[in-house]
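Student: Residue 52 in numbering that gives the first Met the number 0 is what sits at position 53 of the sequence shown, and the numbering runs on without skipping anything.
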Amino acid sequence: MSDFAPREVEDLIAGLAAALRVQERLIDLIEARTSALRRADADAMAAADRDEAAALAEGVALERKRRTQTATLAAALGLSEDAGLAAIAEGLAPVPRRRLLDARAALRDAAEANGRRAASAARAAAAAAAHVDGLVRRMKQRSSGARYAASGRHAPARLSLSRMSLVA
0 MSDFAPREVE DLIAGLAAAL RVQERLIDLI EARTSALRRA DADAMAAADR DEAAALAEGV
60 ALERKRRTQT ATLAAALGLS EDAGLAAIAE GLAPVPRRRL LDARAALRDA AEANGRRAAS
120 AARAAAAAAA HVDGLVRRMK QRSSGARYAA SGRHAPARLS LSRMSLVA
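1. Is there contact between the stretch 44-56 and the stretch 3-13, where contact requires at least three CB pairs shorter than 8 Å?
2. Distance check for A35 and E23, CA to CA, integer angstroms please.
3. Can you tell which of I26, T67, R38 has its C-alpha closest to the C-alpha of L11?
4. Quick one: grab the DSSP three-state call for L132.
5. Can you tell which of V21, D40, V131, Q140 has its C-alpha closest to the C-alpha of A56?
6. Quick one: Cα of A168 to Cα of A118, how far?
7. Give the secondary structure of D40 by DSSP, where H, G and I count as helix, E and B as strand, and everything else as coil.
8. When you compare each of I29, L61, A52 to A17 by their alpha carbons, which one comes out closest?
9. Please classify R38 as buried or exposed, where buried requires at least 16 other C-beta atoms within 10 Å of its C-beta.
10. Taking the Cβ atom as the reference point for each residue, do A52 and A43 lie within a distance shorter than 8 Å?
11. Where E111 and R63 are concerned, what is the direct C-alpha to C-alpha distance, given to the nearest angstrom?
12. Going by beta carbon distance, what residues of the same chain come within less than 6 Å of G58, once the five residues before and after it are set aside?
So, in structure tokens, the structure goes:
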């Protein structure tokens with residue numbers, strides 16, 4: 000076996016930690032995008048898209064570097080890529096992009112479903128508000144009719160008990 004410096008191992012560990020931070024940032028960006036979808040905030044969604052593209056590019060660069068470091072360590076240890084080191088490194092690698100994309104798609108579906116439910120709730124609330132407005136309008140009309148009658152400007156036909164006839 001040839002010698003390798005612990006620095007190479009530390010570099011690989013640092014690279015894996017950086018890749019993990021990128022993955023965590025991607026998850027935060029997915030949550031930010033979901034929040035922007037719920038608020039229908041186009042600016043926040045555009046910012047999330049830009050940040051996600053930058054994070055994905057950084058993740059790709061870190062993945063390439065990790066593969067190179069893994070191959071270097073495998074060669075230094077006298078192992079081939081098939082000897083198991085690659086499998087171990089793959090196990091230590093951050094969540095694959097495909098799983099993140101699946102999670103993002105699931106979050107988008109949930110946001111769309113929430114949006115549909117919110118639209119339905121908004122329609123129901125608008126209908127209820129219109130109903131309440133109608134009730135208030137009718138109550139005001141009744142109230143103004145009673146005030147009009149009480150003002151004496153309008154005297155409805157009433158029955159006079161003394162004469163037992165209608166008096167207008």
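Idealized CB from N, CA, C, for every residue including glycine.
Tutor: Once the coordinates are examined:
1. Inter-segment contact for the stretch 44-56 and the stretch 3-13 is absent: fewer than three beta-carbon pairs are separated by less than 8 Å.
2. Counting from 1 along the sequence shown, the entry for residue 23 is found at position 24. Counting from 1 along the sequence shown, the entry for residue 35 is found at position 36. Their backbone Cα atoms lie some 18 Å apart in a straight line.
3. The residue you call residue 11 lines up with position 12 of the sequence shown. Nearest C-alpha to L11 among I26, T67, R38: T67.
4. Position 133 of the sequence shown, counted from the first residue, corresponds to residue 132. The sequence given here places Asp at residue 132; Leu does not occur at that position. The answer is helix: DSSP assigns D132 an H, G or I state.
5. Position 57 of the sequence shown holds residue 56. Nearest option by C-alpha distance: V21.
6. For residue 168 there is no data in the structure shown, the boundaries of the chain being 0 and 167.
7. In the sequence shown, the residue the question calls residue 40 occupies position 41. The DSSP-derived three-state label of D40 is coil.
8. The residue labelled residue 17 in the question sits at position 18 within the sequence shown. Looking at the Cα atoms, L61 is the closest of the given residues.
9. If you number the sequence shown from 1, residue 38 lands on position 39. With fewer than 16 Cβ atoms within 10 Å of its Cβ, R38 is classed as exposed.
10. For the purposes of this step, residue 52 is taken as the residue at position 53 of the sequence shown. For the purposes of this step, residue 43 is taken as the residue at position 44 of the sequence shown. Between A52 and A43, the CB-CB gap reaches or exceeds 8 Å.
11. Start at 1 with the first residue of the sequence shown, and residue 111 comes out as number 112. Start at 1 with the first residue of the sequence shown, and residue 63 comes out as number 64. Their Cα atoms are separated by approximately 35 Å.
12. The residue given as residue 58 occupies position 59 in the sequence shown. If the five residues before and after G58 are omitted, its C-beta is found closer than 6 Å to the C-beta atoms of V21, all from its own chain and listed in chain order.
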